[in-house]
Amino acid sequence: MALEIASGEPRGYWKYHVPDKKFKQAKAVGKINNEKATLLFDSGAEVSILDIAFARKVGCYVDNSQTLECEGVGESPYTAEGRTRLKITLAGSLVYFFDVWVGPPTGGQDLILGMDFMVPAGIRLDPADGSICLPDEVRIQLAGRRPMYGDKVAQVFLNQHCQIDVGKSAEVTLQRNKSSQQKLWVTRGDRWVPTVTAGSGATRFLLLTNVSDRKLVLHRDLRVAIWLEGDRVPRVPGYISVGSRRYAEWQNLAYQATADGDDEVRPTAGDDGPAVERPQYTMPTAILRRPPGRTAEKTAISKCNQAQNTVEAYACDPVDRWEGPSIGDSRNLQR
């Protein structure tokens, strides 16, 4: 963003020269030394300053041996005379002990918290949502600001840190919508796209697919989708509805980056051979001979020739001899 600033003109010129223009400030209610106070979270301030009137009210001990010349509050510079240690309580449970400067009235707030406090405390300002984000995603609503969607919104966050390989996906379980009027809106990142899939019953899942060429790390409490009531639309840019044309374009990116499990050829350790056992035989290299002593033994038996109705005799090996009565035996014919 380019700013047209004239020679000798500070950046906050219009704030002091246009009285009709309103500016929203990040104010919240907390406690200072167990006393209710109004806190101003100023991302443009380098130091934190306590109102001297409030310091006398709560009985703070002020060390007057230190002084600091400040500017930015009001039109003329002023001097902060002294420092004191405070007990600051946020969200009812987060307690900070911090040394601040003590100065003249700060213009409607009891304490100005600058970057010297916000950075070590891990505090982030979310003007779009109208809240202050504390560690562990604890949020405080700003004074005079309403929630972005009220109570008719359910946000979907990533419940744990995950590392996604190239072409792989991470799975997030979607809670069942409380009413049929709720509509799901999803968002994407620079290196991942979402895909809504159906599970068993009414369970639905959100797959986050890595579409980049390197591993992807997603941190916990990453907002990936929201449920909105009725015809409401997200006030935060980057969200689309499931089934829209933009959502179909995202699915093409997910399909291009992934592959089916059947297409992946698994390496084999070696050839396991046939599934049926096959005995191994030695290849014959000569003509098989009869055992000695059996070539001269021959016996005549009767054979009935059915075509000529006669009995013939032929020679056979004793091994193949029939031990019962022959077909041409007269005793058998007499019966």
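According to our numbering, the sequence shown is numbered sequentially starting from 676.
Each residue gets a CB set at the ideal place from its N, CA and C atoms; glycine is no exception.
Bear in mind that the values here come from a model prediction, so they are computed numbers and not experimental data.
Residue range of the beta strand (DSSP E) that includes residue i
{"i": "Ile724", "result": "Ile724 to Asp726"}
{"i": "Tyr771", "result": "Leu769 to Gly778"}
C-beta atoms of residue i and residue j nearer than 7 Å
{"i": "Phe832", "j": "Asp896", "result": "yes"}
{"i": "Val737", "j": "Thr759", "result": "yes"}
{"i": "Thr933", "j": "Gly797", "result": "no"}
{"i": "Val669", "j": "Leu761", "result": "The question about residue 669 has no answer here: the residues shown for the chain are numbered 676 through 1010."}
{"i": "Asp701", "j": "Phe716", "result": "First, the residue type needs correcting, since residue 701 is Ala and not Asp in the sequence shown. Yes, the pair counts as a contact, with Cβ atoms nearer than the cut-off."}
{"i": "Ala818", "j": "Ala720", "result": "no"}
{"i": "Glu756", "j": "Val733", "result": "no"}
{"i": "Gly905", "j": "Gln850", "result": "no"}
{"i": "Ile815", "j": "Ala766", "result": "yes"}
{"i": "Pro795", "j": "Tyr753", "result": "no"}
Span separating the alpha-carbon of residue i from that of residue j
{"i": "His894", "j": "Ser718", "result": "25 Å"}
{"i": "Cys735", "j": "Met790", "result": "22 Å"}
{"i": "Leu714", "j": "Val868", "result": "39 Å"}
{"i": "Pro912", "j": "Ala803", "result": "10 Å"}
{"i": "Pro909", "j": "Leu743", "result": "45 Å"}
{"i": "Ile787", "j": "Gly805", "result": "18 Å"}
{"i": "Arg889", "j": "Asp801", "result": "30 Å"}
{"i": "Val731", "j": "Leu859", "result": "The amino acid at residue 731 is misidentified as Val; the sequence shows Arg. Rounded to whole angstroms, Arg731 to Leu859 spans 52 Å at the Cα level."}
{"i": "Cys979", "j": "Arg965", "result": "The predicted position of Cys979 is uncertain, since its pLDDT is 47 and thus under 50; no value can be drawn from it."}
{"i": "Ala829", "j": "Val871", "result": "17 Å"}
{"i": "Lys696", "j": "Arg799", "result": "The predicted model places Lys696 with a pLDDT of 49, which falls under 50 and marks its position as unreliable; any figure quoted below should be read in that light. Straight-line Cα distance between these residues: approximately 26 Å."}
{"i": "Ala975", "j": "Thr960", "result": "Caution applies to Ala975, whose pLDDT of 43 falls short of 50 and renders its modelled position unreliable; the value that the coordinates give is listed next. If you take the alpha carbons of Ala975 and Thr960, they lie about 34 Å apart."}
{"i": "Pro949", "j": "Thr848", "result": "45 Å"}
{"i": "Pro954", "j": "Leu963", "result": "21 Å"}
{"i": "Ala769", "j": "Ser844", "result": "First, the amino acid is wrong: residue 769 is Leu here, not Ala. Between Leu769 and Ser844, the C-alpha separation is close to 36 Å."}
{"i": "Ser875", "j": "Arg921", "result": "27 Å"}
{"i": "Asp785", "j": "Ala873", "result": "53 Å"}
{"i": "Glu708", "j": "Gln741", "result": "Correcting the residue identity first, residue 708 is Asn in this sequence and not Glu. When rounded, the distance between both Cα atoms is 22 Å."}
{"i": "Cys745", "j": "Ala923", "result": "55 Å"}
{"i": "Glu952", "j": "Met958", "result": "19 Å"}
{"i": "Tyr914", "j": "Leu903", "result": "11 Å"}
{"i": "Thr878", "j": "Ser919", "result": "21 Å"}
{"i": "Phe773", "j": "Glu846", "result": "42 Å"}
{"i": "Leu891", "j": "Ala712", "result": "43 Å"}
{"i": "Trp925", "j": "Ser887", "result": "13 Å"}
{"i": "Val813", "j": "Ser751", "result": "37 Å"}
{"i": "Lys706", "j": "Tyr771", "result": "10 Å"}
{"i": "Pro810", "j": "Arg820", "result": "21 Å"}
{"i": "Asn834", "j": "Ser916", "result": "22 Å"}
{"i": "Gly782", "j": "Asn739", "result": "22 Å"}
{"i": "Pro967", "j": "Tyr956", "result": "25 Å"}
Segment limits, alpha helix (DSSP H) that includes residue i
{"i": "Pro795", "result": "Met790 to Ala796"}
{"i": "Glu659", "result": "For residue 659 there is no data in the structure shown, the boundaries of the chain being 676 and 1010."}
{"i": "Glu756", "result": "Not the alpha helix (DSSP H): Glu756 falls in the beta strand (DSSP E), residues Tyr753 to Leu765."}
{"i": "Leu963", "result": "That residue, Leu963, is in no alpha helix (DSSP H); it is neither H nor E in DSSP."}
{"i": "Gln857", "result": "Run containing Gln857: none in the alpha helix (DSSP H); it sits in the beta strand (DSSP E), Gln857 to Val861."}
Residues sharing a beta bridge with residue i, DSSP
{"i": "Cys1056", "result": "Since the first residue shown for the chain is 676 and the last is 1010, residue 1056 is missing from the structure and cannot be characterised."}
{"i": "Glu846", "result": "Leu882"}
{"i": "Ser806", "result": "Asp801 and Gln816"}
{"i": "Val831", "result": "Ala900"}
{"i": "Trp867", "result": "Asn885"}
{"i": "Gly705", "result": "Ala712"}
{"i": "Asp738", "result": "Arg758"}
{"i": "Ser916", "result": "Trp860"}
{"i": "Leu743", "result": "Ala755"}
{"i": "Leu786", "result": "Leu714 and Leu725"}
{"i": "Ala873", "result": "Arg879"}
- Any 3 or more C-beta pairs closer than 8 Å across the stretch 833 to 848 and the stretch 723 to 730: Short answer: they don't touch.
- Query: Is the number of C-beta pairs between the stretch 859 to 876 and the stretch 898 to 906 that are closer than 8 Å three or more?
  - Reply: Touching, yes, given that three or more Cβ pairs across the two stretches are closer than 8 Å.
- Query: Within the chosen definition, does the stretch 911 to 929 reach the stretch 869 to 887 through at least 3 CB pairs nearer than 8 Å?
  - Reply: Short answer: they touch.
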